[in-house]
Amino acid sequence: MPRSLRFLSFALFMMVLAACDSAEPVIEPDLIQAEMVQDLPADPITGFNPTTGQPIGADVFTFFSLRTGEVVPNSDSASTAWDLGFKGTTIIVNGGTSGPGAGAAQVVTGSFEDLTEAPADGYATDADTGTAIATGSGNGWYNYNQPLNLVTPIPGRVLFIQTADGRYAKVRILNYYEGAPESPDPDQDTARYYTFEYVFQPDGSRTLTD
1 MPRSLRFLSF
11 ALFMMVLAAC
21 DSAEPVIEPD
31 LIQAEMVQDL
41 PADPITGFNP
51 TTGQPIGADV
61 FTFFSLRTGE
71 VVPNSDSAST
81 AWDLGFKGTT
91 IIVNGGTSGP
101 GAGAAQVVTG
111 SFEDLTEAPA
121 DGYATDADTG
131 TAIATGSGNG
141 WYNYNQPLNL
151 VTPIPGRVLF
161 IQTADGRYAK
171 VRILNYYEGA
181 PESPDPDQDT
191 ARYYTFEYVF
201 QPDGSRTLTD
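Taking our numbering, the leading residue of the sequence shown gets 1, the next gets one more, and so forth.
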């Protein structure tokens, strides 16, 4: 090969190499993953009504942001900073009669791991007639065994949530007792402490793989 052609080939090779080196690095999107929340207080019991025997608490919700993974102060209850509120077995969303946000929810039966996309429709919001996540044994996320006074999550119940700003998440309640005992004893274990896992999608899509 003539010397001039060898030089040209080498020059072209160096130009291509330089172009590759100066190319913008490929930035992989952050992978969403399941987050765990342990012992979130939900108006812990402070006593019992002497007439009815019903448990008494401070009658306040604990507000939680699925977007930040943090408890939101009660002083911000009228804002869109929170997504879910917990009081006893009741869970509210930041929407409808419960808050100023776009919050909504629905309960779906299936595997938390296999339900990888939030439904496109079918959501409800809180109203005077009831909450989006229904209360009462067997209706929403839990069963209540009255003889044992025991609250247990219903296996296969997944809460799909629209956050206060309209994004999507899924939630699975794992335990209702402090310390998340495997076999809760309501005579020994303190109720109204949620352990749950959730997946939040920050990009606004309905994809919820973890």
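In this text, a Cβ means the ideal position worked out from N, Cα and C, and glycines have one as well.
Proximity winner among the options, relative to residue i (alpha-carbon distances)
{"i": "P100", "options": "T195, V60, Y176, S77", "result": "S77"}
{"i": "A104", "options": "Y177, V151, V171, N145", "result": "V171"}
{"i": "Q201", "options": "D128, A132, F160", "result": "F160"}
{"i": "N175", "options": "D189, V158, S183, T195", "result": "T195"}
{"i": "P155", "options": "Q146, L148, I173, A34", "result": "I173"}
{"i": "A41", "options": "D187, F63, T109, A34", "result": "The question names Ala, but residue 41 in the sequence shown is Pro. Taking only the C-alpha atoms, the option nearest P41 is F63."}
{"i": "L148", "options": "P184, V199, A124", "result": "P184"}
Bridge partners - residue i, DSSP secondary structure assignment
{"i": "A127", "result": "G130"}
{"i": "L148", "result": "Partner(s): none; L148 has no beta bridge."}
Local Cβ density within 10 Å of residue i, reported as buried at 16 or more and exposed below that
{"i": "I56", "result": "exposed"}
{"i": "S98", "result": "buried"}
{"i": "G122", "result": "exposed"}
{"i": "A81", "result": "buried"}
{"i": "G204", "result": "exposed"}
{"i": "V151", "result": "buried"}
beta-carbon residue i near the ligand COA non-hydrogen atom, thresh 7 Å
{"i": "A134", "result": "Judged by which ligands are present, the structure shown has none, so any question about the ligand COA falls away."}
Worksheet item: Can we say the region 58-70 touches the region 162-171, given the rule of at least three CB pairs closer than 8 Å?
Response: yes
Fill in: Three-pair Cβ contact test at 8 Å for the region 128-148 versus the region 108-118
no
Worksheet item: Between the region 80-100 and the region 41-48, do three or more beta carbon pairs fall short of 8 Å?
Response: yes
Discussion item. Ignoring anything shorter than 3 residues, give me the beta strand (DSSP E) runs that lie fully in the region 38-90, in order along the chain.
Written reply: 62-65, 70-72, 84-87
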